[in-house]
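Colleague: Mind the numbering: the first sequence is residues 193 to 485 in my numbering, read in order. Heads up, the beta-carbon is just placed ideally off N, CA and C, and yes, glycines get one too.
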Amino acid sequence: MPELPEVETIKRGLKDLVTGLSVKEVVIKNHKSFLIDENTKELFLFNHKVLDVKRRAKLLMINLDSDYSLVFHLKMTGQLVYVNHNYRFGAGHPTDSLIHQLPDKSTRVIFIFNNKAKLFFNDQRKFGWIKIIPTALLTDKDFFKYHGPEPLDLLFSSDVLYQRLLKHPNSKIKAVLLNQTVLSGLGNIYVDESLWMSKINPLTTVNRLTEKNIVVLHRSIQSVLNKSISLGGSTDRNYVDAKGNKGSYLKFANVFRKENQPCPRCSNLIVKQKIAGRGTHFCPNCQKIEIEK
DNA sequence: CACTTGACCTGTCCGC
DNA sequence: TGCGGACAGGTCAAGT
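1. What is the rounded straight-line gap between the Cα of K241 and the Cα of S386?
2. Would E304 and L252 be called neighbours here (beta carbons separated by less than 8 Å)?
3. Within a Cβ cutoff of 6 Å, which residues of the same chain sit near K246, ignoring the five residues on either side of it in sequence?
4. In chain order, what residues of the same chain lie with their CB nearer than 8 Å to the CB of K466, ignoring the 5 residues before and after it?
5. Give me the DSSP bridge partner(s) of D315.
6. Assuming I365 and V398 form a contact by the criterion Cβ under 8 Å, report the distance between their Cβ atoms to the nearest whole angstrom.
7. Under a three-way DSSP split, which group does T299 fall into?
8. Does the structure place the segment 216-230 close enough to the segment 445-458 that three or more beta carbon pairs sit under 8 Å?
9. Would you please state the rounded distance, in angstroms, between the beta carbons of L357 and I406? I believe it to be under 8 Å.
10. Which same chain residues end up closer than 8 Å to L329 when comparing Cβ atoms and leaving out the 5 residues on each side of it in sequence?
11. Can you tell me the Cα-Cα spacing of G379 and D351, whole angstroms?
12. Which word fits S349, buried or exposed, when buried means at least 16 other C-beta atoms lie within 10 angstroms of its C-beta?
13. Which ranges does the alpha helix (DSSP H) cover as unbroken runs of at least 4 residues, wholly within the segment 364-403, from first to last along the chain?
14. Report all residues from its chain with a CB closer than 6 Å to the CB of D361; omit the five preceding and five following residues, and keep chain order.
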């Protein structure tokens with residue numbers, strides 16, 4: 193589930209909650225989720241303060257004052273939920289009921305902090321992972337050489353998008369936008385939404401796109417991501433933020449999970465079709481394939 | 001090289 | 001009510 197807006201939302205929440213705390217204990221219920229040896233735990237994890245929480249692409253990083261960082265990839269069903277020592281954030285918090293159920297059967301790793309708060313790494317499908325990596329490596333651009341630019345970075349212009357897309361001229365735009373080496377952070381939801389907003393058919397090959405298409409696509413990607421971040425991301429099934437709150441972006445989605453419903457722009461029915469191996473939602477009427485270049 | 005498929009896992013939903 | 005199959009937001013390796 194978690195794409196850029198979801199990981200960004202978790203990061204913002206966690207940063208306020210865990211900065212300054214130190215890890216006292218870790219309970220690993222599923223070892224494949226977090227391969228770490230006792231030595232590394234003692235030397236680089238335990239009793240080290242959290243300096244900062246960062247995001248790059250879909251990775252979330254907790255920098256520790258040991259010069260190492262905890263790095264998380266949530267893949268499809270990962271959650272990072274912080275719960276304080278008495279299992280409450282405050283009277284009447286909407287997610288108190290959810291928090292009381294933790295740990296649950298999807299809990300794979302639990303971090304316990306010096307203030308007795310716990311951070312639950314839940315992951316139903318066990319695809320996600322946690323690693324401990326030297327912070328210096330994470331700031332080295334080599335580490336992210338297989339990740340494309342951040343779509344909300346000021347340096348990410350429509351020209352940059354154009355240049356990167358052009359490296360895959362014969363591929364379908366849907367597949368290229370899902371490719372993390374081209375651009376970081378988009379997943380199935382935001383690719384479908386961005387293409388709808390741009391009136392681009394997901395089957396269009398890159399070499400059929402006009403320059404105007406790309407200018408509009410660039411603006412649409414940023415608009416969709418910014419709107420989702422402002423709404424706390426998308427909760428389709430699993431996703432919750434660091435406090436256990438769901439995101440509300442999908443209430444405003446135009447095509448994702450809207451198959452057989454009218455297109456908000458032209459009233460034609462939205463279709464769902466497998467493209468690039470993924471369920472893809474679009475309006476075949478107003479998302480036309482460009483004929484001329 | 002472009003593209004597809006299968007694998008990693010668990011849970012849910014749908015049709016019989 | 002039970003069972004089998006398809007499917008789910010991510011990524012990687014292997015195959016065509």
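Modeller: For this structure:
1. 39 Å
2. In the sequence under discussion, the amino acid at residue 304 is Ile, which differs from the Glu named in the question. Contact flag unset, no.
3. M253
4. T472
5. According to DSSP, which records beta bridges pairwise, D315 is partnered with G270.
6. 6 Å
7. T299 falls in the strand class under three-state DSSP.
8. no
9. 7 Å
10. Cβ neighbours of L329 beyond the five flanking positions: F335.
11. 21 Å
12. exposed
13. 365-370, 380-390
14. In the sequence as presented, Asp is not what sits at residue 361; that position holds Pro. Answer for P361: V398, N399, listed in chain order.
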